[in-house]
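There are 2 protein chains.
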Amino acid sequence: MENRTEIASLGEFGLIDHLTRNIELQNASTIVGVGDDAAVIDHYGRQTVISTDMLVEGVHFDLIYTPLKHLGYKSIIANISDIYAMNATPTQVVISLAISNRFSLEAMDEFYEGVFAACKRYGVDLVGGDTTSSQKGFIISITAIGEVAPDMFVKRSTAKKGDLICVSGDLGGAYLGLLFLEREKKIYLENPQIQPDLEGEDYVIGRMLKPEARKDIIEFLEKEEIMPTAMMDISDGLSSEILHICKQSNLGCVLYEEKIPIAEDTRGAAYKFEIDPTACALSGGEDYELVFTISQSEHEKLVLNEQISVVGYMTEPEEGSYIITKGGSRHVITAQGWNHMN
Amino acid sequence: MENRTEIASLGEFGLIDHLTRNIELQNASTIVGVGDDAAVIDHYGRQTVISTDMLVEGVHFDLIYTPLKHLGYKSIIANISDIYAMNATPTQVVISLAISNRFSLEAMDEFYEGVFAACKRYGVDLVGGDTTSSQKGFIISITAIGEVAPDMFVKRSTAKKGDLICVSGDLGGAYLGLLFLEREKKIYLENPQIQPDLEGEDYVIGRMLKPEARKDIIEFLEKEEIMPTAMMDISDGLSSEILHICKQSNLGCVLYEEKIPIAEDTRGAAYKFEIDPTACALSGGEDYELVFTISQSEHEKLVLNEQISVVGYMTEPEEGSYIITKGGSRHVITAQGWNHMN
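Following this line, the structure appears as C-alpha cells:
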C-alpha cells in the first residue's frame, strides 16, 4: 500500500464518518441508518429475522492469504447466508470491528470496499456499527437483519419423515481452497522468495476467498411455491448440518454418497492432496450452500433447477443417521464426517 | 472459583446449549429464539430499532476489578441504553463472545448470570449469538433490538432553537468509580498483600460497575406525553453528547454549570482526587444517563420528575456551544470537556 493514514489521526467518530460517507440506502424499510444511537427499521407487517456472527483473526481467517476486500465481502456473505437459510431476505447489517494499531485507514477502506460490494450485490443496507481498538488482531462482529412474510420462515426442527434432503450448488470446494492456501503459506514462510503456485486452482480458491450466498435458491423456492420443511446453511460441512436437522426435528436420515454434488475442480484438487472428495464435502466448512428438506410431493418441481441435488431422505429417529457409500456400505454420520479428515 | 470446567470439553454447540438452557422468553414478539440460523421477531406494526456495541478486554474493561457477573450485566445495559435513547423499548438481544482458553465454563456461567439478570430486569429476550475462541482476552459484541410505535423514535438531529436541554439522574459518578478502582489496582499490583480500600465509595463504584439504563425516564415521557425533540444516551460524557446533538441538529447551545446534576458522593469523591466534579460530569464516560431536548412549552410537566434536570438550551449555530460557569464566565464546550481531565 502506498499511503498509510493512522486511524488515530481521525478519532473514532471521524473514522465512522469516513467509512460510512458513501452509503446509499437500498431498502424502503431502512428508516434511520448510520449516525444515531440506533437504526430504525420498518418491515411493514413482515417479520424480522436476525443473526449474528463473530470472526477472529488467527481463528477464522489468516491475513497472510486473505485480501482485506475479500474478507469484508465474505464477512457479509457468512451472515446473510444465515438469513437466507431462514427463507428470509436480508435487508440490513450492522458491523462492529476491533482493530489493532497495525491497521491503517487504507486497510479499513479496503475491508469496507468488500463490505459495500456484498451489500450492493445482495441489496442490503449497512445501518450501524461500532469501531474500537483491540489489543491484538482484527475482530469482526456482524449482525444481519432480514424480513419474511409472517410465518413463512423455515426452521431446522420441522423436517418430516420421508422428506427429501436437498443441497444447493456443490460442496467441499472451500475446504480444498483452504488447503492450497495453507500449503503455499507454509512454503512462503520457509522461503519468502518462492512465488505462490496456485495455478489452475481458481475454482476452489474462489470458493474459499469469495463465497456467495444462495439468494437465487430462495428466489427459486418462492417462485415455484416450494416451502422447505427445514433448512440450514452449510458452514460447517454437510454432516454437521444434517445432524442438526436430525436432532432438532427428532429424525434420522440416509444420505447417498453418489448423490452428493462435488465439482470436478474440487475432486481434482482433493486427489492432489490424496484425500477423499466426499470427506471434504461432508466435513469441510465454509461452502455457504443450503441444505433443506422438502416433501416428496414437491420433487418434480426441482428438476427445473440444476443447482439443486437430492442427496437422501429423512427417516425415523430409531434408524439413526447413515451414509450409503458408492460401494454400498453404510457408515454412521458423525459431526466430523463419516471419515475423518487427513 | 472452586471448579474449573474447560470449555473445550463441551464443544461449541454444547457450550451454547449450556449457556442458553434456562432462557424463558418474555416478549410475544419473539417468534424464534436461540438455536436456529437466525431469530425471528414480529413487532406487529411497530418499527424495529437496532444498535450494536463491542467491548474489548483491556480497552473497555479490566477483569482485575470487574466481576464477570457485573460485566455481563453492564454489557446489556450499555446496549439497551442506546435503544431507550431512541425513545424505544428494548425487546431482544444477540450476544457474540470471543474467549481465550484462560476462561472456564464457570467463568462463562458467571458472565451469563449477569446477562440474564439484566435481561430479566429490562424484559429483554436473548435470542441468538455466537461463541468463538480468541487469541487474546475476552471480546463481547452485543446487538440490541427494540420496538417503537411508527415514527415515535427520537433522533439526534431534530432539536430546535430554544429547546431546553434536559439530563436524567446525575453525572460523573462512573468516572470517579473508575479512578478509585484504578488507584486500588495500582496499589494491589505493587503490593498484593494490601487489601483494597474502597470504603464509603459505594455510590461511585456502583455507578461504574453496575450501571442501569433509564427505562423509567422513557416511561415517564410516554406517560406525560412529552415528545423529546432530540435524545442520546450519555456514554462519553455530557460535552461529547451535546456536541453531537448540536452538530447533527445544526445548532449551538448554552449549558449552566450550576444546573448540571452531580451527586454529593460524586462531588466528595472528586475532591479526594483534587479534580473538578463538573469536569467529571462533562467528560467522564459510562454514566448511561439520557440527555434530551424538549420544547419550552413542555417545561412544567418536568417538575413531576425530580430525576430530570434542565441544564441549558439550544441556540443558533452561529452562537457556538458554551458553558456558563458558577463564576459567570463563558467557556467553549469541547469534546474533551471545557476543562481537560487531570
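Residue numbers (my numbering), protein chains in the order written: chain S, 725 to 1066; chain P, 725 to 1066. Using N, Cα and C, we set each Cβ at its ideal position, and we do this for glycine too.
Are the C-beta atoms of residue i and some chain P residue less than 7 angstroms apart?
i, result
"residue 745/S", "no"
"residue 760/S", "yes"
"residue 728/S", "no"
"residue 1065/S", "Model confidence at residue 1065/S stands at a pLDDT of 35, short of 50, so the residue's coordinates are unreliable; what they give is reported in the following sentence. It does not; no Cβ of chain P falls within 7 angstroms."
"residue 997/S", "no"
"residue 1032/S", "no"
"residue 956/S", "yes"
When the cut-off is 7 angstroms and only beta carbons count, does residue i lie next to chain S?
i, result
"residue 731/P", "no"
"residue 809/P", "yes"
"residue 1061/P", "Reliability fails at residue 1061/P, whose pLDDT of 47 lies under 50, so the model's placement of it is uncertain and the value that follows must be treated cautiously. No, its Cβ sits nowhere closer than 7 angstroms to a Cβ of chain S."
"residue 814/P", "no"
"residue 879/P", "yes"
"residue 963/P", "no"
"residue 734/P", "no"
So which residues of chain P does residue i contact, with C-beta pairs closer than 8 angstroms?
i, result
"residue 772/S", "764, 765, 766, 767, 772, 869"
"residue 1047/S", "Chain P residues near residue 1047/S: none, gap ~21 angstroms exceeds 8 angstroms."
"residue 874/S", "766"
In chain S, which residues lie less than 8 angstroms from residue i when you measure between Cβ atoms?
i, result
"residue 942/P", "Per Cβ cutoff of 8 angstroms: no residues; residue 942/P is ~12 angstroms from chain S at best."
"residue 847/P", "Neighbours of residue 847/P on chain S: none; closest Cβ ~17 angstroms, over 8 angstroms."
"residue 806/P", "761, 762"
What does residue i touch in chain S if you count any residue whose Cβ is under 7 angstroms from its own?
i, result
"residue 1009/P", "Those within 7 angstroms of residue 1009/P in chain S number zero; the least Cβ separation is about 12 angstroms."
"residue 865/P", "778, 820, 865"
"residue 755/P", "771"
What span of residues does the alpha helix (DSSP H) with residue i cover, start to end?
i, result
"residue 836/P", "829-846"
"residue 932/P", "926-933"
"residue 1001/S", "1001-1007"
"residue 1054/P", "Counting along the chain, residue 1054/P falls outside any alpha helix (DSSP H), though it belongs to the beta strand (DSSP E) covering 1054-1056."
"residue 824/P", "No alpha helix (DSSP H) contains residue 824/P, which DSSP labels as neither H nor E."
"residue 1067/S", "Nothing can be reported for residue 1067/S: it is not among the residues displayed for chain S, which extend from 725 to 1066."
"residue 741/P", "735-743"
"residue 799/S", "792-808"
"residue 877/P", "First-last for residue 877/P: undefined, no H or E at that position."
"residue 942/P", "939-947"
"residue 911/P", "897-914"
"residue 990/S", "988-996"
"residue 1026/P", "1023-1026"
List, in order along the chain, the chain P residues whose C-beta lies closer than 9 angstroms to that of residue i?
i, result
"residue 798/S", "In chain order: nothing, as chain P lies at least about 15 angstroms away."
Under DSSP, the beta strand (DSSP E) around residue i begins and ends at which residues?
i, result
"residue 768/P", "Where residue 768/P is concerned, there is no enclosing beta strand (DSSP E), given that its DSSP letter is neither H nor E."
"residue 1013/P", "1013-1018"
"residue 862/S", "862-872"
"residue 1039/S", "1032-1039"
"residue 1074/P", "Only positions 725 to 1066 of chain P appear in this structure, which leaves residue 1074/P out of reach."
"residue 853/S", "849-857"
At the 7 angstroms Cβ level, is residue i part of the contact set with chain B, yes or no?
i, result
"residue 1016/P", "Included in the structure are the protein chains S and P, with no chain B among them."
Who are the neighbours of residue i on chain P, taking C-beta pairs under 7 angstroms?
i, result
"residue 926/S", "Under the 7 angstroms cutoff, chain P gives no residues; its nearest Cβ is about 29 angstroms from residue 926/S."
"residue 839/S", "Ordered by position in chain P, no residue passes the 7 angstroms Cβ test against residue 839/S, which lies about 14 angstroms from the chain."
query = Are at least three pairs of beta-carbons, each pair with one atom in the segment 1001-1018 of chain P and one in the segment 889-901 of chain P, less than 8 angstroms apart?
reply = Of all C-beta pairs linking the segment 1001-1018 of chain P to the segment 889-901 of chain P, three or more are shorter than 8 angstroms, placing the two stretches in contact.
task = May I ask you to list, following chain order, the residues of the segment 817-832 of chain S that have a beta carbon less than 7 angstroms from some beta carbon of chain P?
result = When C-beta distances to chain P are compared with 7 angstroms, the residues of the segment 817-832 of chain S below that value are 818, 820, 822, in chain order.
query = Is it a yes or a no for the segment 958-969 of chain S touching the segment 900-908 of chain S, going by three-plus beta-carbon pairs under 8 angstroms?
reply = No contact exists between the segment 958-969 of chain S and the segment 900-908 of chain S.
query = What residues in the segment 850-861 of chain S bring their beta carbon closer than 9 angstroms to a beta carbon of chain P?
reply = Answer in chain order: 851, 852, 853, 854, 855, 856, 857, 858, 859, 860, 861.
inquiry  = Tell me which residues of the segment 771-791 of chain P have at least one Cβ-Cβ distance to chain S shorter than 9 angstroms, keeping chain order.
reply    = Of all residues in the segment 771-791 of chain P, only 771, 772, 773, 774, 775, 776, 777, 778, 779, 780, 781, 782, 783, 784 place a beta-carbon less than 9 angstroms from a beta-carbon of chain S.
Stretch-stretch touch, CB-based, cutoff 8 angstroms, three pairs: the segment 976-992 of chain P with the segment 907-916 of chain P = Verdict: no, contact absent.
query = Of the residues that make up the segment 1019-1030 of chain S, which ones have a beta carbon closer than 7 angstroms to any beta carbon in chain P?
reply = Listed in sequence order: no entries.
ask   = Looking at C-beta atoms only, is the number of pairs between the segment 965-978 of chain P and the segment 864-874 of chain P that lie closer than 8 angstroms three or more?
value = Contact fails between the segment 965-978 of chain P and the segment 864-874 of chain P, because fewer than three Cβ pairs, one in each stretch, are under 8 angstroms apart.
task = Flag this pair as touching only if the segment 809-828 of chain P and the segment 860-872 of chain P have three or more C-beta atom pairs under 8 angstroms; answer yes or no.
result = Under the Cβ criterion (8 angstroms, minimum of three pairs), the segment 809-828 of chain P counts as touching the segment 860-872 of chain P.
query = Counting Cβ pairs closer than 8 angstroms, one from the segment 745-762 of chain P and one from the segment 827-837 of chain S, do we hit at least three?
reply = No, the segment 745-762 of chain P is not in contact with the segment 827-837 of chain S.
query = Three or more beta-carbon pairs under 8 angstroms between the segment 791-800 of chain S and the segment 836-843 of chain S, yes or no?
reply = As far as the Cβ criterion goes, the segment 791-800 of chain S touches the segment 836-843 of chain S, which means the pair count is three or higher.
inquiry  = With a threshold of 8 angstroms, are at least 3 pairs of Cβ atoms found where one atom belongs to the segment 761-777 of chain S and the other to the segment 755-770 of chain P?
reply    = Result yes; three or more Cβ-Cβ pairs closer than 8 angstroms.
ask   = Does the count of Cβ pairs from the segment 1044-1062 of chain P and the segment 915-927 of chain P closer than 8 angstroms reach three?
value = Segments in contact, no.
query = Does the segment 1009-1026 of chain S come close enough to the segment 929-937 of chain S that 3 or more CB-CB pairs lie under 8 angstroms?
reply = Yes, the segment 929-937 of chain S touches the segment 1009-1026 of chain S.
inquiry  = Using 8 angstroms as the cut-off, can you tell me whether the segment 731-750 of chain P makes contact with the segment 853-862 of chain P, which would need three or more C-beta pairs spanning the two stretches below that distance?
reply    = Yes, the segment 731-750 of chain P touches the segment 853-862 of chain P.
message = Assess contact between the segment 773-783 of chain P and the segment 806-816 of chain P, defined as three or more Cβ pairs (one per stretch) separated by less than 8 angstroms. Is contact present?
response = Touching, yes, given that three or more Cβ pairs across the two stretches are closer than 8 angstroms.
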